[in-house]
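Numbering (the working numbering) for the sequence shown: 6 to 332.
Below is one structure, written out as structure tokens; comments come after it.
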Amino acid sequence: MKDYQNKKILITGGLGFIGSNLAIKLVDFGAFVTCVDSLIPEYGGNIFNISPVKGKISINISDVRDKYSIEYLVKSNDMMFNLAGQTSHLDSMKNPINDLDINCRAQLTILEACKKYNNNIKIVFASTRQIYGKPQYLPVDEVHPINPVDSNGINKVAGESYHLLYNNIYGIKACALRLTNTYGPRMRIKDTRQTFLGIWIRNLIENKDIQIYGDGKQLRDLNYIDDVINALLIIGKSESAWGNVYNLGSKDVVELNTIAKVLIDLNKSGNINKIEFPDEIKSIDIGNYFSNFKKINKEFNWEPNISLKKGLSMTLDYYKEYFSYYI
């Protein structure tokens, strides 16, 4: 806690899923938090997400693509958790220029602003497993070839690479966490733009079927949001992480069928409907995926602590209580 007490922290995407959970924890630690978010309807920002810390954080409604806004925002902060991004893989194929602007060009704008106005800032960048593409081997470690299957993955590679470049060349301390499937309270459940679990939970609450593409035997690893926040905070206070990338992952590797069945059991009702892959989704599907997270475990002793059943239970309970704020 003392590592963040009285620190000035900027969170891009701060009203979104991960950003808001991080903001709440940092306020508990005594940090001065500024959340910047565009609140574009198609993305994850939701003002209700920061209800527990209302009045205790600063909120700036602006877009990371806005050069002048970002230059102003980076000036006085000790650290930035750079979580803003366009997360939909399908949207990135339908509108690749928009994805490029948010996940690549805006990242360069942020880093240029830091170089010009706050070279001492430290940046933790939220990257993604999507940059690996279809795994050549499992579990996927950090040296696995980078071969994205969609525009989102390509632009996230570029965004991550810019952060490492500015670390290596300009001395701006930056590193990247490659997140796997993150879930929990405050994630988007309107649709599939953020995670498949979101729409599954919405459908369960609305007494609709959970739809699974294909046979449901696809393997995944999932991290509950609290475990991801712990990883961000551990990395953020470290002096040895800068210039490095780290996979997050889980000890539990499960089929989509299993995830759906656990949710249905917790909900005490629900059905699974298996359907054929739409062509536009099948063409960018990565098949089985799970991460090797030994690197962050070895260097920082991080590992996930929340079991799948417990995490899904807490998530489902949250949305049953606050459902109306998320649809």
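Each residue gets a CB set at the ideal place from its N, CA and C atoms; glycine is no exception.
| query | Do residue 218 and residue 282 have their C-beta atoms within less than 9 angstroms of each other? | reply | yes
| request: Output yes or no for whether 9 angstroms exceeds the beta carbon distance between residue 104 and residue 47. | output: no
| said: For residue 82, tell me which candidate among 58, 9, 45 and 260 has the shortest Cα-Cα distance. | reply: 9
| Under 9 angstroms between C-beta atoms of residue 251 and residue 163 | no
| Should residue 130 and residue 16 be called a contact, given that it needs their Cβ atoms to be closer than 9 angstroms? | no
| task | Compare the beta carbon distance of residue 23 and residue 88 with 9 angstroms and say whether it is the shorter of the two. | result | yes
| query | Can you tell me where the beta strand (DSSP E) with residue 229 in it begins and where it stops? | reply | 224-229
| request: Note down, in chain order, each residue of its chain lying with its Cβ closer than 6 angstroms to the Cβ of residue 49, except the 5 sequence neighbours on either side. | output: 21, 22, 193 and 199
| request: Count the other C-beta atoms from every protein chain shown that fall within 10 angstroms of the C-beta of residue 329, then say buried if there are 16 or more, exposed otherwise. | output: exposed
| query | Are there 16 or more other CB atoms within 10 angstroms of the CB of residue 150, so buried, or fewer, so exposed? | reply | exposed
| residue 148, buried or exposed, once every other Cβ within 10 Å from all chains shown has been counted against 16 | exposed
| Alpha carbon to alpha carbon, what distance is there between residue 121 and residue 323? | 42 angstroms
| Span separating the alpha-carbon of residue 54 from that of residue 25 | 6 angstroms
| request: Return the residue from the list 175, 210 and 255 that minimises the CA-CA distance to residue 247. | output: 175
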